[in-house]
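Asker:
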Ligand code: ADP
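Have a look at this one:
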């Protein structure tokens with residue numbers, strides 16, 4: 021156990037493999053949400069009557085074909101864009117509605133497929149910047165917490181003084197996850213973070229993400245078009261229809277935690293995947309027929 025993390029983060033002193041307790045923040049409700057782009061012109065109905073309920077501390081994966089509105093939904097939750105109907109609430113507080121201006125905040129942190137680290141700052145400077153600028157932590161506190169979390173995320177403390185362009189894309193993505201968690205967000209939003217990676221790199225990333233989830237237990241919304249990844253990581257998988265995106269099917273993932281790669285070949289895993297795959301392929305086919313690139 022990294023002593024720094026144990027000091028700063030009581031969750032980290034839990035026994036390896038034991039899940040941190042459910043947090044008391046991070047309950048998300050997406051109710052009847054709709055989004056029409058360019059309503060006065062082309063009127064692209066991207067999302068329609070979309071409902072998602074996520075309990076605080078749960079890991080939910082949203083799967084759907086390209087162009088079905090996954091990023092639109094994510095941007096609305098993150099507060100980057102407006103919605104045209106419905107309502108999004110976080111812990112009972114309205115985050116988004118047609119009457120509300122978009123409002124991003126440190127309670128919702130997004131990690132994208134393409135990195136967003138400052139290339140001119142070291143790894144340590146990148147991850148300590150947010151809480152220090154917000155005045156949440158002193159420089160010393162931020163450094164101790166950062167070194168602890170970096171160490172737990174596959175030994176990234178060893179590259180604390182390195183600049184991001186010198187790291188592999190997988191390491192950069194892990195640094196971003198640590199940076200996001202440094203802010204103690206209520207929700208971590210992951211928008212296809214491992215999309216461009218090969219299978220081996222993805223597997224490594226899954227292991228590190230699950231370790232960070234186990235230690236820091238935040239609500240996670242994970243967007244992907246990879247059904248296997250979704251079933252392996254999440255507590256619940258939701259399948260979105262092709263555009264206009266709405267939730268078509270939801271399945272609780274009963275695989276125990278901690279998840280291990282040998283579960284990928286288990287009968288239970290195969291059965292869970294089977295329950296979802298027909299819906300995923302049906303929606304992918306619809307998206308393909310309407311001329312959008314098939315991704316699922
Ligand atoms: P996904 O993330 O599932 O690939 P998006 O949320 O990016 O899908 O997009 C959903 C639909 O909305 C797509 O058909 C896309 O072309 C359209 N769209 C996204 N952004 C805009 C925009 N700014 N203006 C008009 N249409 C958009």
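In this note's numbering, the protein residues as written are 21 to 316. From the three backbone atoms N, C-alpha and C, an ideal C-beta is built for every residue, glycine too. Small disclaimer: the values here were computed from a predicted structure and weren't measured.
May I have the straight-line CA-CA distance separating residue 228 from residue 278, to the nearest angstrom?
Answerer: 12 Å
Asker: So if DSSP puts residue 173 in a beta bridge, which residue, or which two residues, is it bridged to?
Answerer: Its beta-bridge partners do not exist; DSSP assigns none.
Asker: Mapping the DSSP letters down to three states, classify residue 253 as helix, strand or coil.
Answerer: helix
Asker: Would you mind sorting residue 38 into buried or exposed? The rule is 16 or more other CB atoms within 10 Å of its CB.
Answerer: exposed
Asker: Suppose you measure from the CA of residue 84 to the CA of residue 70; what does that come to, to the nearest Å?
Answerer: Cα to Cα, residue 84 sits roughly 13 Å from residue 70.
Asker: Cutting at 7 Å between CB atoms, please list the residues of its own chain near residue 295, excluding the five before and the five after it.
Answerer: Only residues of its own chain outside the window of five on either side were considered, and among them 271 have a CB closer than 7 Å to the CB of residue 295, listed in chain order.
Asker: Ends of the beta strand (DSSP E) at residue 102?
Answerer: Careful: residue 102 lies outside any beta strand (DSSP E) and carries neither H nor E.
Asker: I think residue 181 touches residue 144, with their Cβ atoms under 8 Å apart; what is that distance to the nearest whole Å?
Answerer: 6 Å
Asker: Which class does residue 38 belong to by DSSP, given the choice of helix, strand or coil?
Answerer: Three-state DSSP puts residue 38 in coil, outside helix and strand.
Asker: Can you tell me where the beta strand (DSSP E) holding residue 57 begins and where it ends?
Answerer: First-last of the beta strand (DSSP E) with residue 57: 48-57.
Asker: Quick check on this structure: which residue in 52, 215, 256 has the alpha carbon closest to the alpha carbon of residue 131?
Answerer: With distances taken between Cα atoms, residue 131 lies closest to 215.
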